[in-house]
Amino acid sequence: MKVNLKIWRQKNANTEGKMMDYTVDTVNPHMSFLEMLDVLNEQLVNKGEVPVAFDHDCREGICGACSLHINGRPHGPSHATTTCQLYMRHFKDGETIYIEPWRAKSFPIIKDLVVDRSAFDRIIAAGGYVSVNTGQAQDANNIPVDKALAEKAMDSAACIGCGACVAACPNSSAMLFVSAKISQLAMFPQGQAERDMRAQNMVNQMDEEGFGNCASIGACEAECPKEITLANIARMNREYIRSTIIDE
Amino acid sequence: MNNSAIFKSSIGKKFVMGLTGFFLITFLIVHASINACIWFNDGGKTFLYYAHFMGTNFIVHIIEVGLFAGLLIHVVDGLLIWKQNRAARPIKYAYNNPNANSKWYSRSMGLLGTLILLFLIIHLRNFWGPNRLNQIATGEELNLFTMMQDHFNNIGVVLIYLFGCFSLFWHLMHGFRSAFQSLGLNHLKYNHAIKVAGYAFSIIICVVFALMPVTMYLGLVK
Chain X
54 MKVNLKIWRQ KNANTEGKMM DYTVDTVNPH MSFLEMLDVL NEQLVNKGEV
104 PVAFDHDCRE GICGACSLHI NGRPHGPSHA TTTCQLYMRH FKDGETIYIE
154 PWRAKSFPII KDLVVDRSAF DRIIAAGGYV SVNTGQAQDA NNIPVDKALA
204 EKAMDSAACI GCGACVAACP NSSAMLFVSA KISQLAMFPQ GQAERDMRAQ
254 NMVNQMDEEG FGNCASIGAC EAECPKEITL ANIARMNREY IRSTIIDE
Chain E
8 MNNSAIFKSS IGKKFVMGLT GFFLITFLIV HASINACIWF NDGGKTFLYY
58 AHFMGTNFIV HIIEVGLFAG LLIHVVDGLL IWKQNRAARP IKYAYNNPNA
108 NSKWYSRSMG LLGTLILLFL IIHLRNFWGP NRLNQIATGE ELNLFTMMQD
158 HFNNIGVVLI YLFGCFSLFW HLMHGFRSAF QSLGLNHLKY NHAIKVAGYA
208 FSIIICVVFA LMPVTMYLGL VK
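Read top to bottom, the protein sequences are chains X and E.
Per my numbering, the first sequence starts with residue 54, numbered consecutively.
Per my numbering, the second sequence starts with residue 8, numbered consecutively.
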């Protein structure tokens, strides 16, 4: 099959970018979207042109490295799918596909379709952890964990930090990501000691990074490849409000 | 509570938005209930009885100040959030398909809110403003029932009011449910009930409000 591509090309963070047209006419419908881009890049390299830069790593839908805003949607048209798990059979022969980077002030473009998502790392560093300062880890069974709560925490922990929530949100809000991380740790006994500090510090860092505010629009939830729900954001709101009230 | 965090942090701003939203929702219930008394068809007698109470009671006057303060905070907080959100995405997508993942009215709360505010200015200028000014000048209340009849005799005014109700309807369709979410009130067991209650509230309140100018224009209110 043949596809026409409109891809955002930008040399680096300091130059202006623009949409450029490409055509790939040797696409196998069973190729993944990233494999199709590999074919395009092979064409470009053979012609002596600079290949399109895009993020990818595991290509198994679990690492969170791949991104791409495809035909107006993060990770493309398939539900609960990362770009690397999106296949060309979901597109029509001869279709024109728009490929853009995540758009957010807090995700500056490094090159072409690659954006700097280190804002997420700084938010995690602000409180997305459980401190175990010294001594030997005790037997896991010493701390009883409610099974239902463990399941919920696991659902939140499924977030791979890809940033699709920010890309989908009309406000470029990072609240789905931050709330998943806060929720995951707030539900475990081990996360209790740093619970209030975590909510305060992670939200403050999120605000400092310049992300937008949540308006409960729900685009993030609809586009999240790991189906993280808005219930996490409500939990984060509770955690933050609670920790603000009891703040001394 | 740490006051600066409430107005500065993103979640604090949402919290304030939700709280004032709930407060304004309770006002809508009171306003719609009292105005619905015009349909007793008693020449506005029942309506004017409650309007007199609302216009002269000392405690209601204090609540009225709170209402304007709540509205002002809701508007200013909304503007601050709008500004923050606008700055968060300086470059837009060349091709975007937001209808695939969200509702248009959820994405248009700022626009709908602005339309409601413009309507509110017209509405206050028609009824509340002249009535209060007259109260201050002469100590007497105006007959709000005949004022309604006069205003709603004009098809242009009726259409403006219908447009106001239309904007309010979509604002509430998102706002009612969103206020719960902003206050952290999201629970698998109750989410569906909140959603249904939000839709029902938006429909009932706005239909009741919209029927007032319509029935008056059609001469059904005696």
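Even for Gly, the Cβ is constructed at its ideal location relative to N, Cα and C.
For residue i, the first and last residue of its enclosing beta strand (DSSP E)
i                : result
LYS59 of chain X : 56 to 62
MET72 of chain X : 71 to 77
Cβ-based burial, residue i [other Cβ within 10 Å; buried from 16]
i                 : result
ALA268 of chain X : buried
ASN108 of chain E : buried
LEU90 of chain X  : buried
HIS68 of chain E  : exposed
SER185 of chain E : buried
SER184 of chain X : exposed
ILE88 of chain E  : buried
SER171 of chain X : exposed
MET219 of chain E : buried
LYS234 of chain X : buried
GLY28 of chain E  : buried
SER40 of chain E  : exposed
HIS83 of chain X  : exposed
ASP192 of chain X : exposed
PRO97 of chain E  : exposed
ALA179 of chain X : buried
HIS181 of chain E : buried
GLY146 of chain E : exposed
THR76 of chain X  : exposed
LYS230 of chain E : Outside the displayed range of chain E (8 to 229) lies residue 230 of chain E, so it cannot be described from this structure.
LEU225 of chain E : exposed
ARG132 of chain E : exposed
GLU261 of chain X : exposed
ALA133 of chain X : exposed
Simplified DSSP assignment, three categories, for residue i
i                 : result
ARG156 of chain X : coil
GLY136 of chain E : helix
SER113 of chain E : helix
GLY117 of chain X : coil
THR282 of chain X : coil
ARG112 of chain X : coil
GLY120 of chain E : helix
PRO104 of chain X : coil
TYR102 of chain E : coil
THR68 of chain X  : coil
PRO127 of chain X : strand
ILE201 of chain E : helix
THR135 of chain X : coil
SER184 of chain X : coil
VAL164 of chain E : helix
HIS83 of chain X  : coil
ILE150 of chain X : strand
SER209 of chain E : helix
Continuous alpha helix (DSSP H) stretch holding residue i: start and end
i                 : result
ASP260 of chain X : 248 to 261
ASP84 of chain E  : 65 to 95
LYS325 of chain X : Lying outside 54 to 301, the shown extent of chain X, residue 325 of chain X is not represented and no answer is given.
ILE196 of chain X : Run containing ILE196 of chain X: none; DSSP gives neither H nor E here.
VAL219 of chain X : 217 to 221
HIS194 of chain E : First-last for HIS194 of chain E: undefined, no H or E at that position.
MET155 of chain E : 151 to 158
PHE236 of chain E : The displayed coordinates of chain E run from 8 to 229. Any statement about residue 236 of chain E would go beyond what the structure contains.
LEU225 of chain E : No alpha helix (DSSP H) holds LEU225 of chain E; DSSP gives it neither H nor E.
SER209 of chain X : 200 to 210
ILE270 of chain X : Per DSSP, ILE270 of chain X belongs to no alpha helix (DSSP H) and is neither H nor E.
LYS234 of chain X : 228 to 239
ALA178 of chain X : 171 to 178
Nearest-angstrom Cβ-Cβ length linking residue i and residue j, presumed shorter than 8 Å
i                 : j                 : result
LYS55 of chain X  : ASP78 of chain X  : 4 Å
GLY86 of chain X  : GLY129 of chain X : According to the sequence as given, residue 86 of chain X is Phe; it is not Gly. That pair is a contact at about 6 Å.
PRO127 of chain X : PRO105 of chain E : Actually they are not in contact, since the Cβ atoms of PRO127 of chain X and PRO105 of chain E sit about 11 Å apart, beyond 8 Å.
ALA211 of chain X : ILE163 of chain X : ALA211 of chain X to ILE163 of chain X, Cβ: 27 Å. No contact.
GLU153 of chain X : HIS122 of chain X : 4 Å
SER16 of chain E  : VAL198 of chain X : Not quite, the Cβ-Cβ distance comes to about 31 Å (not below 8 Å), so this is no contact.
SER2 of chain E   : ILE129 of chain E : The structure shown has nothing for residue 2 of chain E, since chain E only spans 8 to 229.
LEU229 of chain X : CYS277 of chain X : 6 Å
Selection of the region 21 to 44 of chain E by Cβ proximity to chain X, strictly under 8 Å
LYS21 and PHE22: these are the residues of the region 21 to 44 of chain E whose beta carbon lies less than 8 Å from some beta carbon of chain X, given in chain order.
Problem set entry | chain E contacts from the region 208 to 229 of chain X (Cβ-Cβ distance under 8 Å) | For the region 208 to 229 of chain X, the residues whose beta carbon sits under 8 Å from a beta carbon of chain E are, in order, ALA221, PRO223, ASN224, SER225, SER226 and MET228.
Checklist entry - Name the residues in the region 146 to 175 of chain E whose C-beta lies less than 8 Å from a C-beta of chain X; which are they? => result none
Next item on the list: Anything in the region 262 to 277 of chain X with a Cβ closer than 7 Å to a Cβ of chain E? List those residues in chain order, please.
Entry: GLY263, PHE264, GLY265, ASN266, CYS267, ALA268, SER269, ILE270, GLY271, ALA272, ALA275 and GLU276
Against chain E, which members of the region 164 to 180 of chain X pass a CB distance test of less than 7 Å?
Those residues of the region 164 to 180 of chain X that come within reach of chain E (Cβ to Cβ, closer than 7 Å) do not exist; the list is empty.
task = Pull out every residue of the region 193 to 211 of chain E whose Cβ sits closer than 9 Å to any Cβ of chain X, in chain order.
result = ASN193, HIS194, LEU195 and ASN198
Counting only Cβ-Cβ distances shorter than 7 Å, please list the residues of the region 120 to 132 of chain X near chain E, keeping chain order. HIS122, ASN124, GLY125 and ARG126
Members of the region 149 to 160 of chain X near chain E, C-beta cut-off 8 Å = TYR151, GLU153, ARG156, ALA157, LYS158 and SER159
Along the region 95 to 107 of chain E, what residues have a CB closer than 8 Å to any CB found in chain X?
Cβ contacts with chain X come from ALA95, ARG96, PRO97, ILE98, LYS99, TYR100, ALA101, TYR102, ASN103, ASN104, PRO105 and ALA107.
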